[in-house]
Every structure is written in structure tokens, then in C-alpha cells.
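Participant: Straight run, no breaks: the sequence shown in full-length UniProt numbering ends on number 298. Backbone N, C-alpha and C define an ideal beta-carbon position, used for all residues, glycine too. This is the structure, below, for whatever I ask next.
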Amino acid sequence: MRIAIAGLATSHPYTDARTLASHADLMVWEEDRARLARFTEEHPGAEVAAGLDDLLAARPDGVVLTVPNPGVAPALARVLAADLPCFVNKPAAATAAQLAAVDVAASSRPELVLSTSVLRFAPAFTALMAEDLGEVLSVRATVRHDVGLWAGGHNPWQDDPAVGGGTMVTMGVHGVELLVALLGPAVRLAGAAAATRSYTALKSEDTGVMALAWENGVVGTVEVVGVTDEESYTVSVHTRAGTHEVVVEPGPDHLVGLGYRGTVEAFLSMVGGAPSPVPWEQTRSVLGTLVAAREACA
Numbered sequence: 001m002r003i004a005i006a007g008l009a010t011s012h013p014y015t016d017a018r019t020l021a022s023h024a025d026l027m028v029w030e031e032d033r034a035r036l037a038r039f040t041e042e043h044p045g046a047e048v049a050a051g052l053d054d055l056l057a058a059r060p061d062g063v064v065l066t067v068p069n070p071g072v073a074p075a076l077a078r079v080l081a082a083d084l085p086c087f088v089n090k091p092a093a094a095t096a097a098q099l100a101a102v103d104v105a106a107s108s109r110p111e112l113v114l115s116t117s118v119l120r121f122a123p124a125f126t127a128l129m130a131e132d133l134g135e136v137l138s139v140r141a142t143v144r145h146d147v148g149l150w151a152g153g154h155n156p157w158q159d160d161p162a163v164g165g166g167t168m169v170t171m172g173v174h175g176v177e178l179l180v181a182l183l184g185p186a187v188r189l190a191g192a193a194a195a196t197r198s199y200t201a202l203k204s205e206d207t208g209v210m211a212l213a214w215e216n217g218v219v220g221t222v223e224v225v226g227v228t229d230e231e232s233y234t235v236s237v238h239t240r241a242g243t244h245e246v247v248v249e250p251g252p253d254h255l256v257g258l259g260y261r262g263t264v265e266a267f268l269s270m271v272g273g274a275p276s277p278v279p280w281e282q283t284r285s286v287l288g289t290l291v292a293a294r295e296a297c298a
């Protein structure tokens, strides 16, 4: 089996490759020479392609796509035209125009598209999903992930609200993803606010909050804390009987604890012929909520 890594725009494909390498031969394409050199140093046996067309012409069995947001839709369309399952690293879109284009591409072959926060496949969260929660009244997700690297100039496109969506989108996706996985895609943004508390060099924000409302009456919040010494993700589910709460943390093996390994295993099941385990309707709902929050904080 051969898996193609199409783009190395964030840290995620490097992490994905560490699990994929134990299951498949790797191919890679990336325009940035420094990023490509870092990858091939870790995976010297990886086959390097000159471009996306060359990568797809080599007929891999599946594609992990990680390019800056404006390039996701055209690249995804080419992957799906080649009839290949595709894992699009989060978030697949950060603006209304990007989402419209990605939706057109993904809707052509939704069964071949997986795009999600890896936390959906974290053991702590999947255990919560398996619980009988009873009647849910409200929910809260708290995302703690530091964005100080952006303030220092790392990956400036991610911090740009008009390109990568900034902290609200790129970190907020983790919270919205988990709540949509828990309660379904029939959700709307009720309000959002953002602020810069510490990292004044950012183009976006370092803290934010979203208020959400589901059609069945459940309400929820997503808190985004981008100034933090620890990385963790908390989901609280409030019911009449009490509160169910889980904390997703890196733990002794962050590939397992944060869901990276589970996500890769889900993608490999698609390579084996299974449909995407995350319905595109859910992914579109997550992205639409994030885009609305971004626009509300413009």
C-alpha cells in the first residue's frame, strides 16, 4: 500500500506520517524545500513527487491533503477525480468563499472525504460518545492550545483571518467538532466574541468564545484559550442528573491520547473500501459554524 502526503503546510502531516509509515510506503509532495527536507530526513525512503499531478499519476492508494486553505478545494477536486480517498487535515475552509468551493468538491464524492479534528477519535472522547447521557440540556467545550508560535511569525497564513481563519477557526475547530459529533449538525451560531489578551503581534485573536444553539433546543459554548502553558480539551455535558465531563490530553503517547492514531486508522479503513466515518454533512456544519464565528468577529 502507498499513501501520498500532499502538502506539508502544518505540523499535522508530519505527525500523520509517523503512524502511516508502519502501514504503508510513503510518497510526498511539498513546494517548500525546508519543509520537504524535514520530512525526508525523518522518512528517507519516501518517494518525492515534483507536483500534485505527478503524485496522483503514481496512483497511490490514498491521499493526506494539507495545503493552505485557499488551495484545498482545487486540490481536493483533483484527488477525488482520481477516485482516491482523501483525508483533509483540519480545517478544510476558513472563509465563506473557501467553504463554498470545498463543499462543491467534497459533495461530488462525500464518501471519499474525511476532514475532522483528530480529537473526534481520541479515546477519552469516544468513551463519552459511548455513554448514555440521558437528556442533554447544554454543553461546553474548552480548547486550550497555545498560539504563541504564530505571534513569532510561524505559519503567518494560519493567523490571517482572511486566509487560514486565525485562532477562532484553527483552534476553535476542535471544540465545534466535538460538540457536533456529540449532538449532530443541526446547529447555528448564536454569537461570538474574540480578543487579544497577550500575543499582540497576532493578526487574529488569542482568546475567543462561541455560543451555539441546536434545533432541538440544546445550547452550548466553545471557549478558545490560545494563551496557555498546557494543551487540553474539555467537554462538559450538562443534564438534569449532573454533569458528564471528559478531558482530552496528550498523555504518555500523544498520538493515542489526542486521537492522531485513531484518525489515521479511520482513514486507512477508507483506503480499504469503507466510506468516510464522518458524514460530510457534519463537516460542512462544523466549517459553517466556524466561518460564521469568524465573520461575527471581523
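Assign Arg197 to one of three DSSP states: helix, strand, or coil.
Facilitator: For the purposes of this step, residue 197 is identified with residue 197 of the sequence shown, where counting begins at 1. Of the three classes helix, strand and coil, the one that applies to Arg197 here is coil, per DSSP.
Participant: Can you tell me whether Met129 is buried or exposed? The criterion is at least 16 other CB atoms within 10 Å of its CB, across all chains shown.
Facilitator: Here residue 129 refers to the residue found at position 129 of the sequence shown. With fewer than 16 other Cβ atoms within 10 Å, it is exposed.
Participant: Distance check for Asp16 and Leu133, CA to CA, integer angstroms please.
Facilitator: To locate residue 133, count along the sequence shown from 1; it is residue 133. To locate residue 16, count along the sequence shown from 1; it is residue 16. Cα to Cα, Leu133 sits roughly 32 Å from Asp16.
Participant: Jot down the residue ranges of each uninterrupted beta strand (DSSP E) in the UniProt domain "GFO/IDH/MocA-like oxidoreductase" (129-243), minimum 3 residues, whole runs only, in chain order.
Facilitator: Segments of the beta strand (DSSP E) lying fully in the UniProt domain "GFO/IDH/MocA-like oxidoreductase" (129-243): 136-144, 187-195, 207-214, 219-225 and 232-239.
Participant: Pop quiz: Ala141 and Gly175 are said to be a contact at Cβ under 8 Å. What is the actual Cβ separation, rounded to whole angstroms?
Facilitator: Residue mapping note: residue 141 aligns to position 141 of the sequence shown, counting from 1. Residue mapping note: residue 175 aligns to position 175 of the sequence shown, counting from 1. Yes, Ala141 and Gly175 are in contact; Cβ-Cβ is about 3 Å, under 8 Å.
Participant: So, at 6 Å on beta carbons, what are the nonlocal neighbours of Glu281 in its own chain, with the 5 sequence-adjacent residues on each side left out?
Facilitator: Counting from one through the sequence shown, the residue named residue 281 turns up at place 281. Pro185.
Participant: What residues in its chain sit with their C-beta under 8 Å from that of Ser269, if we drop five residues either side in the sequence?
Facilitator: On the sequence shown, position 269 is the one that residue 269 refers to. Here the set comprises Pro277.
Participant: Going by DSSP, which residues form a beta bridge with Met27?
Facilitator: Within the sequence shown, the letter at position 27 stands for residue 27. In DSSP, Met27 forms a bridge with Ala4 and Glu47.
Participant: Among residues of its own chain, excluding the 5 on either side of Ala106, which ones have a beta-carbon nearer than 6 Å to its beta-carbon?
Facilitator: On the sequence shown, residue 106 is found 106 positions in, with the first residue counted as 1. These residues qualify, in order along the chain: Val113 and Trp280.
Participant: Roughly how many angstroms lie between the CA atoms of Leu20 and Leu26, to the nearest whole one?
Facilitator: Translated into the one-based positions of the sequence shown, residue 20 becomes position 20. Translated into the one-based positions of the sequence shown, residue 26 becomes position 26. Their backbone Cα atoms lie some 8 Å apart in a straight line.
Participant: Mind listing, in chain order, the continuous beta strand (DSSP E) runs of no fewer than 3 residues lying wholly within the stretch 240-282?
Facilitator: Entirely contained in the stretch 240-282, the beta strand (DSSP E) runs reaching 3 residues are, in chain order, 242-248.
Participant: Whose C-alpha, out of Ala101, Ala190, Glu47 and Leu290, is nearest the C-alpha of Ala75?
Facilitator: Reading the sequence shown from its first residue, position 75 is the one you call residue 75. Looking at the Cα atoms, Ala101 is the closest of the given residues.
Participant: Enumerate in chain order the residues of its own chain whose CB-to-CB distance from Pro252 is below 8 Å, with the five nearest sequence positions on each side excluded.
Facilitator: Looking up residue 252 in the sequence shown gives position 252. Counting only Cβ-Cβ distances below 8 Å, and skipping sequence neighbours, we find nothing.
Participant: Between which two residues does the beta strand (DSSP E) holding Leu65 run?
Facilitator: Here residue 65 refers to the residue found at position 65 of the sequence shown. It spans Gly62 to Leu65 - the beta strand (DSSP E) in which Leu65 sits, taken as one unbroken run.
Participant: Could you tell me how far apart the beta carbons of Lys203 and Asp159 are, in whole angstroms, since I believe they sit closer than 8 Å?
Facilitator: Stepping through the sequence shown from its first residue, residue 203 is reached at position 203. Stepping through the sequence shown from its first residue, residue 159 is reached at position 159. Contact flag correct, Cβ pair sits at about 5 Å.
Participant: What does a CB cutoff of less than 6 Å around Ala274 pick up in its chain, not counting 5 residues either side in sequence?
Facilitator: As a working note, residue 274 is residue 274 in the sequence shown. If we look at Ala274 and ignore the five residues flanking it on each side, it has no Cβ neighbours.
Participant: Can you name the start and end residues of the alpha helix (DSSP H) that Phe39 belongs to?
Facilitator: By 1-based counting over the sequence shown, the position of residue 39 is 39. Run containing Phe39: Arg33 to Glu42, per the alpha helix (DSSP H) assignment.
Participant: For the ligand GTP, any of its heavy atoms closer than 7 Å to the Cβ of Thr228?
Facilitator: The ligand GTP is absent from the structure shown, which contains no ligands of any kind.
Participant: Taking DSSP as the reference, what is the three-state secondary structure of Leu114?
Facilitator: Position 114 of the sequence shown, counted from the first residue, corresponds to residue 114. Leu114: strand per DSSP, three-state reduction.
Participant: Quick one: Cα of Tyr14 to Cα of Thr40, how far?
Facilitator: As a first step, residue 14 is located in the sequence shown; it is residue number 14 there, counting from the start. As a first step, residue 40 is located in the sequence shown; it is residue number 40 there, counting from the start. Their backbone Cα atoms lie some 10 Å apart in a straight line.
Participant: My understanding is that Thr167 touches Val224, with C-beta atoms under 8 Å, so please give their C-beta distance in whole angstroms.
Facilitator: Here residue 167 is taken as the residue at index 167 of the sequence shown, counted from 1. Here residue 224 is taken as the residue at index 224 of the sequence shown, counted from 1. Indeed, because the Cβ distance is near 6 Å, the residues count as touching under 8 Å.
Participant: Using 8 Å for Cβ pairs, my map puts Ala9 next to Val67. What's the rounded Cβ distance?
Facilitator: Position 9 of the sequence shown, counting from 1, holds the residue named residue 9. Position 67 of the sequence shown, counting from 1, holds the residue named residue 67. Between Val67 and Ala9 the Cβ distance is about 5 Å, and since that is below 8 Å, they are a contact.
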